Amino acid sequence: MRYFSKVSNLNELRAEYKKLIKKYHPDNGGSVKATQEINNEYESLFSQLKKGFEASQASDNFNFESDTVLRDIINKIINFNIDIEIIGCWIWVTGDTYSVKEELKSLKFQWSGKRKAWYFHSEPYKKRTKKILPLDEIRNYYGSEKVNSNKTDILKIAYN
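Numbering (this note's numbering), first residue to last: 3 to 162.
Pasting the structure below:
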């Protein structure tokens, strides 16, 4: 890599691309050849970094077998009259949650005012961006599975 040798993630790539285009664009005294080389390198590196990013995001999907904490939490709230949904490796709770607000707090659920829902995650989480996605977009990105309160689903969650 001639132009992007110090880039290690997508944000750095985008920032460096903007700097390079400003410097080497033909309208700013650069050459067409340099701009084409920058664009080619950018596209190549972008696809590599994007694949790595998507692979790291895929590891955020919920695995029933390995996460007993989430199964225990679901079993504690399954009899509440609320909607329970697993999105990625998070538990999201919606519906009429006001009557069980204190119980959710005691189980370490947090309220998301923007999404009007409670959420729980078993591991420490560091937010990667400042962007706040609507719950529907999060569902589309990570996939979603609703948890029903009938006995079959409880057993499925508890022992699968």
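Here a beta-carbon is modelled for each residue, glycine too, at the ideal position from N, C-alpha and C. Quick caveat: nothing in here was measured; it's all calculated off a predicted structure.
Buried or exposed (CB count within 10 angstroms, at least 16 for buried), residue i
i    : result
L135 : exposed
V34  : exposed
E43  : buried
Residues of its chain near residue i, where Cβ-Cβ distance is below 6 angstroms and the 5 sequence neighbours each way are ignored
i    : result
Y116 : Looking at the sequence shown, residue 116 is not Tyr but Lys. Once the five neighbours on either side are set aside, the close Cβ partners of K116 are I134.
E67  : Reliability of the predicted coordinates at E67 is poor, the pLDDT of 47 falling under 50, and the value obtained from them is presented with this limitation in mind. Contacts found: none.
E147 : I88
C-alpha gap between residue i and residue j, whole angstroms
i    : j    : result
Y100 : F82  : 11 angstroms
K21  : E39  : 14 angstroms
I80  : A119 : 16 angstroms
R73  : K107 : 17 angstroms
E18  : E139 : 29 angstroms
S46  : G32  : 21 angstroms
R4   : N142 : 37 angstroms
L109 : D98  : 17 angstroms
E14  : K103 : 41 angstroms
L150 : K132 : The identity of residue 150 in the sequence shown is Asn, whereas the question assumes Leu. Taking the straight line joining both Cα atoms gives about 33 angstroms.
R130 : K8   : 20 angstroms
S114 : L137 : 10 angstroms
R16  : N41  : 11 angstroms
N30  : K128 : 40 angstroms
S10  : I84  : 43 angstroms
F6   : C91  : 34 angstroms
Per DSSP, cross-strand counterpart(s) of residue i
i    : result
D85  : T96
E14  : None; E14 has no bridge partner.
A119 : S114
S146 : I89
Inter-residue CB distance, residue i and residue j (contact presumed, cutoff 8 angstroms)
i    : j    : result
Y144 : I75  : Actually they are not in contact, since the Cβ atoms of Y144 and I75 sit about 18 angstroms apart, beyond 8 angstroms.
I93  : Y121 : 7 angstroms
8 angstroms CB neighbourhood of residue i in its chain, flanking five on each side removed
i   : result
T37 : I23, Y26, H27 and P28
L12 : F48, L51, K52 and F55
Neighbourhood of residue i by C-beta distance below 7 angstroms, restricted to the same chain and skipping five residues each side
i    : result
F111 : V95, W120, Y121 and F122
Minimum Cβ-Cβ distance from residue i to chain B less than 9 angstroms
i   : result
D29 : The chain labelled as chain B is not found in the depicted structure, where only one protein chain is given.
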